[in-house]
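Quick notes on the structure that follows.
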Ligand SMILES: [Zn+2]
């Protein structure tokens, strides 16, 4: 099966000569003036049209990025030592636009289709080109293992996998960072240092995000090495049923949501499917006997079968169970004569980002899990 992925590449414009900087600033200012006053002091005509189409409501206090039409965006690789890519920015009054160098980055534009771009001027006068790119990716349909991840409150994530016996815990550093900044914010709050609070908020977010990207990469690397499909819990459909405090707290606080997005994204890029299974009761239910007669005080204890296990690992195991159930209802789990496990995904959930997964298949899983 095939799916399309899009992403936005952020490129800083570097080495701008004074003349180029002047031209960019003029175009940018004239564009703002055009949007706000309707008067054209000289803006590239296609940019003007795109601007009108893109920005419907204009706030006089905002700055609006220049919108560059897809077919006018030209990004080329160079042999230049200074920059790997050059881009051509159309500006009013300059034939063929102006050529600008993009800061070096690992991304390969040749492998993607360029969709649209925006040129953004920052508060300190630097220019960034945001390029939206897309490409078609083939998603594997046969796997020999499953990695199930529970994105939790105490850890950014805990995973179990069919190809290993030990669980993995992710996000020790995320926890430390969040803890540290929590106390720092509180201290500054008492001293009413609001600016400082905002600043460390940005810093914290950046560090946590970096960590989450690393964790996601770890997970997807492991999936690739072991030809595993990835299963995550989904809160969609749980929220409307209003299932308790735990879920709500999870949604509102942890960066787990971002981690999930990163995992999905990186997996898709490498053609690995991510399936979402309902997360409802994964923390309450015993992953061994399915009983709900359990308690958790750090350690998970099943009052029916006596199973004792780290509570987060229990959650991950429940996601694994549901994922196997899912594979059995919509895919097929086949054990080969040589004992190698093989999962075939026939009708995968659409692999959408920022969206839910469809209801098909979920209902039967919910019943099975209940
Ligand atoms: Zn039990």
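Numbering (the numbering used here), first residue to last: 12 to 381. For glycine and all other residues, C-beta sits at the position ideal for the given N, C-alpha and C. Here the structure is a predicted model, which is why all the values come from computation and not from measurement.
Original post:
Would you say residue 326 touches ligand 1, meaning its beta carbon is less than 8 angstroms from a heavy atom?
Top reply: no
Original post:
Between the C-alpha atoms of residue 14 and residue 244, what's the straight-line distance to the nearest angstrom?
Top reply: 21 angstroms
Original post:
Taking the C-alpha atoms as reference points, what is the distance between residue 16 and residue 150?
Top reply: 11 angstroms
Subject >> Option in 72, 276 and 166 with minimal Cα separation from residue 190 >> reply: Nearest option by C-alpha distance: 166.
Subject >> Inter-residue CB distance, residue 309 and residue 322 (contact presumed, cutoff 8 angstroms) >> reply: 7 angstroms
Subject >> Where the alpha helix (DSSP H) through residue 205 begins and ends >> reply: 205 to 236
**OP:** Give a single yes or no on whether residue 297 has its beta carbon closer than 8 angstroms to a heavy atom of ligand 1.
**Re:** Residue 297 has its Cβ nearer than 8 angstroms to a heavy atom of ligand 1.
Original post:
When the distance is taken between beta carbons, is residue 284 closer than 9 angstroms to residue 156?
Top reply: Contact: no.
**OP:** Taking only the alpha-carbon atoms, compute the straight-line gap between residue 312 and residue 77 and give it to the nearest angstrom.
**Re:** 58 angstroms
**OP:** Determine the closest residue to residue 178 out of 204, 330 and 338, with distance taken between C-alpha atoms.
**Re:** Each of 204, 330 and 338 was checked against the Cα of residue 178, and the nearest Cα belongs to 330.
Original post:
Rounded to a whole number of angstroms, what is the C-alpha to C-alpha distance between residue 148 and residue 122?
Top reply: 11 angstroms
Original post:
alpha helix (DSSP H) containing residue 127: first to last residue?
Top reply: Residue 127 -> not in any alpha helix (DSSP H); beta strand (DSSP E) instead, spanning 124 to 132.
Subject >> Extent of the continuous alpha helix (DSSP H) run through residue 197 >> reply: 183 to 201
**OP:** Quick one: measure Cβ to Cβ for residue 144 and residue 84, integer angstroms, because I've assumed they're closer than 8 angstroms.
**Re:** No, residue 144 and residue 84 are not in contact; Cβ-Cβ is about 10 angstroms, not under 8 angstroms.
Subject >> Cut-off 7 angstroms between Cβ atoms - residues of its own chain near residue 332, not counting five sequence neighbours on either side >> reply: Closer than 7 angstroms at the Cβ level, and outside the excluded window around residue 332, lie 298.
**OP:** Spatial neighbours of residue 125 within its chain, please: CB distance less than 8 angstroms, with the 5 preceding and 5 following residues excluded, ordered by chain position.
**Re:** 81, 84, 86, 142, 143 and 144
Subject >> Coarse secondary structure for residue 56, derived from DSSP in three states >> reply: helix
Original post:
Does the beta carbon of residue 22 fall short of 8 angstroms from some heavy atom of ligand 1?
Top reply: no
Original post:
Do you know offhand how far residue 354's Cα is from residue 154's?
Top reply: 5 angstroms
Subject >> CB of residue 94 within 9 angstroms of CB of residue 115, strictly >> reply: yes
Original post:
How is residue 246 classed by DSSP in three states: helix, strand or coil?
Top reply: coil
Original post:
Can you tell which of 272, 47, 210 and 21 has the C-alpha that lies nearest to the C-alpha of residue 127?
Top reply: 21
Original post:
Do residue 230 and residue 276 have their C-beta atoms closer together than 9 angstroms?
Top reply: no
Subject >> Continuous beta strand (DSSP E) stretch holding residue 161: start and end >> reply: 156 to 161
Original post:
So residue 130 packs on residue 69, CB below 8 angstroms; how close in whole Å?
Top reply: Wrong, their Cβ atoms sit about 18 angstroms apart, outside the cutoff.
Original post:
By DSSP, does residue 44 sit in helix, in strand, or in coil?
Top reply: In this structure, residue 44 counts as helix in the three-state DSSP scheme.
Subject >> Test item: CB-CB of residue 158 and residue 211 under 9 angstroms >> reply: no
Subject >> Buried or exposed by the 16-neighbour rule on C-beta atoms within 10 Å, applied to residue 38 >> reply: buried
Original post:
Curious, which full-length beta strand (DSSP E) runs of at least 3 residues does the region 275 to 336 contain?
Top reply: 285 to 289, 305 to 308, 310 to 313 and 319 to 321
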